[in-house]
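Engineer: Below: one structure in structure tokens.
There are 2 protein chains.
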Amino acid sequence: MAPQYKLTYFDVPGMAETCRYLFSYGGIEFEDVRIKQENWPQVKDKMPFGTVPTLEHNGKVVDQSLAIARYLAKKVKLVGDNEWENLEIDATVDTINDIRQKIIAVFLEKDDAKKKALIEAVKKDTFGFYLPRLEAEVQKNKGYLVLGRLTWADFYFTTLSRVFDVVSGEDVLASYPNLKGVREKVNALPSIKKWNEIRPKTSH
Amino acid sequence: MAPQYKLTYFDVPGMAETCRYLFSYGGIEFEDVRIKQENWPQVKDKMPFGTVPTLEHNGKVVDQSLAIARYLAKKVKLVGDNEWENLEIDATVDTINDIRQKIIAVFLEKDDAKKKALIEAVKKDTFGFYLPRLEAEVQKNKGYLVLGRLTWADFYFTTLSRVFDVVSGEDVLASYPNLKGVREKVNALPSIKKWNEIRPKTSH
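Structure representation (structure tokens):
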């Protein structure tokens, strides 16, 4: 039988990788469609709001990576036991996403000198603000970001922290052993380990 | 009995207003704490990640406006009937939030000429891209943004679209009768009408 889910994104981890991790963790088959950069202009016009990833299921298509990840996290039981716990997870995910919002500018900047200045600002003001605070959360939460156990917030942090390294050209978590521990624990899950072995090799 | 919920934000609608609407809609009492701008530096240090709104309940504090709104929306039953429907709502909310992300720069820009240029770009590239697409969604969805009925996505759009008018100095929804209809329907709900009569008067 063909997979019931089709996930469409570019041929990079980026904003689709949390969803790919969640599919892998739950053992849910999915069609991993990867758009070639040269085909993007044509594909873009067909997307609901011109963005990917999109998820197709039962003939319906939705976009927005974090909305899709939240849906998949419920399926694979990486969510809270009640709605307050889900609120705590969602708040953590949105805080991690605030970091992402602040580093987008680096990718968009074409001028080398300006890009370098932006990277320095990200390291100081963004990583320097958020990471010590998240590190303290992991310390309070038994080695996880929230609720003292594995949730999809840990998956999102794990996949996004790769992007931190790409942006800065450094091992950003080197001075944050607890946050590094989150990434190591997630990537050591047998299902995720396997996914990282079989996934298409890309630049990061 | 004192209210069980304390919502803390600045003395403006902004990113707290969807939550205030949801409390009002559900008839849930809440303490509506409004920080004075001059006290913000001291208060900021006490917030989990230096941001508001925050919600306090049973001695716990969480931040992130959309996470809080999603939690309240479940309480007052403005969510989906199943998890796919919740995904559709969440995706719509995140699309509306993409508009907000793109207009933040206008508020941050201090230089008048640059601010004017940014406003023109927002009108053309942001409103001009998203609003016709959202207008078409409302047309397909019986006068609502998603699922063909009232959800918290309509509440978020209603409160945020005020900010569109503030940013642009125009009645941004004038050429989008369906979107304008969403706002009018939400604001005509007896509980919301009452809230808008009794809420503290602010600049917008």
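So the protein lines, in turn, are chains V and F. UniProt numbering numbers the first residue of the first sequence as 1 and each following residue consecutively. UniProt numbering numbers the first residue of the second sequence as 1 and each following residue consecutively. Cβ coordinates follow ideal geometry from the N, Cα and C atoms, glycine included. It should be emphasised that the depicted structure is a prediction, and the values quoted were computed from it without experimental measurement.
First and last residue of the alpha helix (DSSP H) that includes F:Tyr144?
Structural biologist: Unbroken run through F:Tyr144: none, as it is neither H nor E.
Engineer: Going straight from the alpha carbon of V:Arg34 to that of V:Ser203, what length do you get?
Structural biologist: 14 Å
Engineer: Hey, how far is the Cα of V:Thr159 from the Cα of F:Lys77?
Structural biologist: 33 Å
Engineer: Quick check on F:Asn58 - is its C-beta less than 9 Å from some C-beta in chain V?
Structural biologist: yes
Engineer: Apart from the five residues just before and just after F:Met47, which ones in its own chain have a Cβ nearer than 7 Å to its Cβ?
Structural biologist: The beta carbon of F:Met47 sits closer than 7 Å to those of Thr54, Asp63, all from its chain and outside the five residues before and after it, given in chain order.
Engineer: What residues in its chain sit with their C-beta under 6 Å from that of V:Ser191, if we drop five residues either side in the sequence?
Structural biologist: Ser24, Tyr25
Engineer: How many Å lie between V:Asn141 and V:Ile28 at the Cα?
Structural biologist: Answer to the nearest angstrom: the Cα atoms are 28 Å apart.
Engineer: Which stretch, first to last residue, makes up the beta strand (DSSP E) that contains V:Thr202?
Structural biologist: Note, V:Thr202: premise wrong, no beta strand (DSSP E); not H, not E.
Engineer: DSSP three-state label for V:Asp125, please.
Structural biologist: DSSP places V:Asp125 within a helical segment (H, G or I) once states are collapsed to three.
Engineer: Look at the Cβ atom of F:Tyr156, then the Cβ atom of F:Asn97, and state whether they are nearer than 9 Å.
Structural biologist: Taking C-beta atoms as the reference points, F:Tyr156 and F:Asn97 count as a pair closer than 9 Å.
Engineer: Report all residues from its chain with a CB closer than 8 Å to the CB of F:Val182; omit the five preceding and five following residues, and keep chain order.
Structural biologist: The answer, listed in chain order, is Val138, Gly143, Tyr144, Leu145, Asp154, Phe157, Thr158.
Engineer: Report yes or no: is there a C-beta of chain F within less than 9 Å of the C-beta of V:Pro48?
Structural biologist: yes
Engineer: With C-beta atoms as the reference, is V:Thr95 less than 9 Å away from V:Tyr130?
Structural biologist: Taking 9 Å as the Cβ cut-off, V:Thr95 and V:Tyr130 qualify as a contacting pair.
Engineer: Is the Cβ of V:Lys114 closer than 9 Å to any Cβ of chain F?
Structural biologist: no
Engineer: In chain order, what residues of the same chain have a beta carbon less than 6 Å from the beta carbon of F:Asn178, not counting five sequence neighbours either side?
Structural biologist: Answer for F:Asn178: Glu135, Val138, Gln139, listed in chain order.
Engineer: Here's the rule: buried if 16 or more other CB atoms are within 10 angstroms of the residue's CB, otherwise exposed. What is V:Trp40?
Structural biologist: When all chains shown are included, V:Trp40 counts as exposed.
Engineer: Pick from F:Phe164, F:Pro13, F:Pro132: whose alpha carbon is nearest that of F:Tyr176?
Structural biologist: F:Pro132
Engineer: Run down chain V in chain order and give the residues with a C-beta less than 7 Å from the C-beta of F:Glu83.
Structural biologist: Chain-order list of chain V residues neighbouring F:Glu83: Tyr71, Lys74, by C-beta distance under 7 Å.
Engineer: Measuring only between beta-carbons, confirm whether F:Arg34 sits less than 9 Å from chain V.
Structural biologist: no
Engineer: Which of helix, strand or coil does DSSP assign to F:Glu31?
Structural biologist: strand
Engineer: Would you kindly work out how many angstroms separate the C-alpha atoms of V:Lys194 and F:Lys185, rounded to a whole number?
Structural biologist: Looking at the two C-alpha atoms, the distance is approximately 51 Å.
Engineer: What does a CB cutoff of less than 7 Å around F:Ala73 pick up in its chain, not counting 5 residues either side in sequence?
Structural biologist: Only Leu22, Val79, Trp152 meet the Cβ criterion.
Engineer: Rounded to whole angstroms, what is the Cα-Cα separation between V:Ala188 and V:Ile198?
Structural biologist: 14 Å
Engineer: If we ignore side chains and look at the alpha-carbon of each, how far apart do F:Lys115 and V:Val163 end up?
Structural biologist: 31 Å
Engineer: Using CA atoms only, rank isn't needed, just tell me which of V:Gly148, V:Tyr9, V:Leu173, V:Val166 is closest to V:Ile68.
Structural biologist: The shortest C-alpha separation from V:Ile68 is found at V:Tyr9.
Engineer: In three-state DSSP terms, what is F:Leu7?
Structural biologist: strand
Engineer: Is there a C-beta anywhere in chain F that falls below 9 Å from the one on V:Ile68?
Structural biologist: yes
Engineer: Nearest chain V C-beta to F:Val62 closer than 9 Å, yes or no?
Structural biologist: yes
Engineer: Any beta-carbon of chain V closer than 9 Å to the one on F:Asp90?
Structural biologist: yes
Engineer: Look at the alpha carbon of V:Gly148 and the alpha carbon of V:Glu88, and state the distance between them as a whole number of angstroms.
Structural biologist: 11 Å
Engineer: So which residues of chain V does F:Asp94 contact, with C-beta pairs closer than 9 Å?
Structural biologist: Going along chain V in sequence order, the residues near F:Asp94 (Cβ under 9 Å) are Asp63, Gln64, Ser65, Leu66, Ala67.
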